[in-house]
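Protein chains in written order, with my numbering: chain C, 42 to 311; chain E, 26 to 330.
Using N, Cα and C, we set each Cβ at its ideal position, and we do this for glycine too.
Source: prediction; values computed, not measured.
Have a look at this one:
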């Protein structure tokens, strides 16, 4: 327990000490929030109605999908995990603790966004706080899972950028933040359902803001939950201690199993 | 009765077609400093990494403290301390945090005394990324010793260390040896191996070529004694001078160097000759073959083959 606590505290501090992580955990999400808040207030008032959940989800995506994979790859390349292995640090700690500390940073960011959005942009507060918190945690869980899975399965830092952007950029465009999903063409609506952020924002709309989403929101809950479990399970299974050691338990392509629930959702949900 | 701490039996590791470690076997007894010597790519680090559990064996087996770690390596984690040749810590991890971090995973109290002993007391708050190479290696050693392991693996421990740190490390190794710790040392530094190791094994192309005490290893070679002579005049520079039992000769700076199979006879002949030539002897040194000489002899012979 002491080892876990030390590891957790160190990783949490790293999220602030490391300039790249500080940027991705705080500066970029909060800067983007301020910028979008002032910009959208006049040109897209519809966005202000859901600026709180949207910016919370965008912040989660930035810190997890963009922030988590690269340190994992760099640590593996620098032999840090070799040091960890010979000193008895379990693989599960390496895979689980960074996402947990990132979620802590996300909670801090959310705590900054919610009251400031309410006062600065007159954004409506969630109508059901309990659901808001649960959906926040579920979104952070699946996004963090995908983040570590990208880090574990990618062979290099360049590969992490590719995979991360493959999730992040479409999420920003068709993830339901700026354009409601029901206004999108059918094909984009289907592609949007492949993205965890779409399900997350739909859940926030339905459970926390009493908006209709056109299907039973339980499906989004189930899809995100199963994908999250698969992401973490596969990340632990595919974890490799160092780049020089070719022996690994499964092919990195197994990582794609995590999107099966999202594919099923995209096929069957309206 | 011998107390075998490390037992390696026909250990084999290959990377594709390249056999890095080829069916090697050796034992290390309790309290020994066992030196694994060899040129780059000989298989020293791979051998260590197999024994440390960082690489999966392709053949053979090994026992540490009488237990086979092949099946459950975690049980033996606290038995070994490892200073890796290439390893790192997170850039932003401070020295004291590193100590707390690894001590907690070994379930022991933090050993600040080791940090002090290794000259890291003033660097407690310093992040790993700003430490010099020498300090990083000292920290790595401190972390390897945190849990007081009975077996210590040191891979090129003095690389990048200044003279003072090197002496301190050697003293520490001797103290650890006296307290019963078994040390496996991989090094390029023959002088270090000769000074520190109880026994050495020379590894070439994945195979152990020779194993024994440094004295035994040097004794098995051609056994040539090096006689270095410097005189005031030019008596030794004359052509066609021959001394008995000299197998090789070379001239280096102001010294004439003779490699003799019978040093007593050769030395007396040299002195007699200088005296007859009415020259003055300035310096005469007789050195038995060093481990380095023997190592070079072995590697050169192997290369010629």
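**Request:** Output the distance between the C-alpha atoms of residue 189 (chain E) and residue 183 (chain E), rounded to the nearest integer angstrom.
**Result:** Counting from 1 along the second chain, the entry for residue 189 (chain E) is found at position 164. Counting from 1 along the second chain, the entry for residue 183 (chain E) is found at position 158. One alpha carbon belongs to residue 189 (chain E), the other to residue 183 (chain E), and they sit about 11 Å apart.
**Message:** Quick check on DSSP: helix, strand or coil for residue 29 (chain E)?
**Reply:** Here residue 29 (chain E) refers to the residue found at position 4 when the second chain is read from its first residue. Note: residue 29 (chain E) maps to strand in three-state DSSP.
**Prompt:** Since residue 216 (chain E) and residue 225 (chain E) are thought to touch, with beta carbons under 8 Å apart, how far apart are those beta carbons, to the nearest angstrom?
**Reply:** As a position in the second chain, residue 216 (chain E) is number 191, starting the count at 1. As a position in the second chain, residue 225 (chain E) is number 200, starting the count at 1. Contact annotation, residue 216 (chain E) with residue 225 (chain E): C-beta distance approximately 12 Å; criterion of less than 8 Å not satisfied.
**Inter-stretch contact at 8 Å, needing at least 3 Cβ pairs: the region 231 to 246 of chain C / the region 254 to 261 of chain C** = Yes: the two stretches touch, three or more of their Cβ pairs being nearer than 8 Å.
**Request:** Look at the Cβ atom of residue 216 (chain C), then the Cβ atom of residue 238 (chain C), and state whether they are nearer than 7 Å.
**Result:** Mapped onto the first chain, residue 216 (chain C) falls at position 175. Mapped onto the first chain, residue 238 (chain C) falls at position 197. The answer is yes: Cβ separation under 7 Å.
**Asked** Listing by chain order, which chain E residues have their CB less than 7 Å from the CB of residue 55 (chain C)?
**Response** On the first chain, residue 55 (chain C) is found 14 positions in, with the first residue counted as 1. Chain E residues near residue 55 (chain C): 115, 117.
**For residue 199 (chain E) and residue 256 (chain E), the rounded distance between their alpha carbons** = Walking along the second chain from the start, residue 256 (chain E) turns up at place 231. Walking along the second chain from the start, residue 199 (chain E) turns up at place 174. CA-to-CA, the gap between residue 256 (chain E) and residue 199 (chain E) works out to about 41 Å.
**Message:** Please tell me whether residue 127 (chain C) and residue 205 (chain C) are closer than 7 Å, where the distance is taken between their beta carbons.
**Reply:** Locating residue 127 (chain C) in the first chain gives position 86, counting from the first residue. Locating residue 205 (chain C) in the first chain gives position 164, counting from the first residue. With contacts defined as CB atoms closer than 7 Å, residue 127 (chain C) and residue 205 (chain C) fail to qualify as a contacting pair.
**Prompt:** Are any of the Cβ atoms in chain C nearer than 7 Å to that of residue 331 (chain E)?
**Reply:** For chain E, the structure presents residues 26 to 330; residue 331 (chain E) sits outside this window and is missing.
**Request:** Residues of the region 303 to 316 of chain E with a CB closer than 7 Å to any CB of chain C: list them in chain order, please.
**Result:** Those residues of the region 303 to 316 of chain E that come within reach of chain C (Cβ to Cβ, closer than 7 Å) do not exist; the list is empty.
**Message:** Under 8 Å: do the region 237 to 244 of chain E and the region 301 to 310 of chain E share three or more Cβ pairs, one atom per stretch?
**Reply:** With the cut-off at 8 Å, the region 237 to 244 of chain E and the region 301 to 310 of chain E do not touch.
**Asked** Are any of the Cβ atoms in chain C nearer than 7 Å to that of residue 102 (chain E)?
**Response** Here the question's residue 102 (chain E) lines up with position 77 in the second chain. Interface flag for residue 102 (chain E) against chain C is set, since a Cβ pair is found closer than 7 Å.
**Prompt:** Looking at C-alpha atoms only, which residue of C:207, C:145, C:86 is the closest neighbour of residue 30 (chain C)?
**Reply:** Examination of residue 30 (chain C) is not possible in this model, given that chain C is present from 42 through 311 alone.
**Asked** Residues bridged to residue 178 (chain E) by DSSP?
**Response** The residue given as residue 178 (chain E) occupies position 153 in the second chain. Partner residues in the beta bridge of residue 178 (chain E), as assigned by DSSP, are E:107, E:209.
**Request:** Can you say whether residue 170 (chain C) is buried or exposed, counting buried as having 16 or more other CB atoms within 10 angstroms of its CB?
**Result:** To locate residue 170 (chain C), count along the first chain from 1; it is residue 129. Here residue 170 (chain C) is exposed: its Cβ has fewer than 16 other Cβ atoms, across all protein chains shown, within 10 Å.
**Prompt:** Which stretch, first to last residue, makes up the alpha helix (DSSP H) that contains residue 188 (chain C)?
**Reply:** By 1-based counting over the first chain, the position of residue 188 (chain C) is 147. First-last of the alpha helix (DSSP H) with residue 188 (chain C): 170 to 194.
**Request:** In the DSSP assignment, find the beta strand (DSSP E) that holds residue 151 (chain C) and state where it starts and stops.
**Result:** On the first chain, position 110 is the one that residue 151 (chain C) refers to. Premise fails: residue 151 (chain C) lies in the alpha helix (DSSP H), 132 to 161, not in any beta strand (DSSP E).
**Request:** Have a look at the DSSP bridge pairing and note the partners of residue 250 (chain E).
**Result:** In the second chain, the residue the question calls residue 250 (chain E) occupies position 225. Residue 250 (chain E) is bridged to E:285.
**Asked** Do we get a CB-CB distance below 7 Å when we pair residue 125 (chain E) with the residues of chain C?
**Response** Residue 125 (chain E) sits at position 100 when you count from the first residue of the second chain. It does; some Cβ of chain C falls within 7 Å.
**Exposed unless 16 or more other CB atoms sit within 10 angstroms - verdict on residue 133 (chain C)** = Against the first chain, residue 133 (chain C) aligns to sequence position 92. Burial call: exposed.
**Asked** Mind checking residue 231 (chain E): buried by the 16 CB within 10 Å criterion, or exposed?
**Response** Here residue 231 (chain E) corresponds to residue number 206 of the second chain, with the count starting at 1. By the neighbour-count rule (16 or more Cβ atoms within 10 Å), residue 231 (chain E) is buried.
**Message:** Closer than 8 Å is the cut-off here; do at least three beta carbon pairs connect the region 36 to 52 of chain E with the region 66 to 86 of chain E?
**Reply:** Yes: the two stretches touch, three or more of their Cβ pairs being nearer than 8 Å.
**Local conformation of residue 220 (chain C) per DSSP, three classes** = The residue given as residue 220 (chain C) occupies position 179 in the first chain. Assignment of residue 220 (chain C) by DSSP, reduced to helix, strand and coil, places it in the coil class.
**Asked** Does residue 130 (chain E) have its Cβ less than 7 Å from a Cβ in chain C?
**Response** Sequence index remark: in the second chain, residue 130 (chain E) carries index 105 (1-based). Yes, residue 130 (chain E) counts as interfacial toward chain C.
**Request:** Residues of the region 127 to 160 of chain C with a CB closer than 9 Å to any CB of chain E: list them in chain order, please.
**Result:** Cβ contacts with chain E come from 127, 128, 129, 130, 131, 134.
**Request:** Assign residue 57 (chain E) to one of three DSSP states: helix, strand, or coil.
**Result:** Stepping through the second chain from its first residue, residue 57 (chain E) is reached at position 32. In this structure, residue 57 (chain E) counts as coil in the three-state DSSP scheme.
**Request:** Could you list which residues in chain E have their beta carbon closer than 7 Å to that of residue 43 (chain C), in chain order?
**Result:** Here residue 43 (chain C) refers to the residue found at position 2 of the first chain. Per Cβ cutoff of 7 Å: 129.
**Message:** Just checking: is the beta-carbon of residue 106 (chain C) within a distance shorter than 7 Å of some beta-carbon in chain E?
**Reply:** In the first chain, counting from the first residue as 1, residue 106 (chain C) sits at position 65. No, no contact with chain E.
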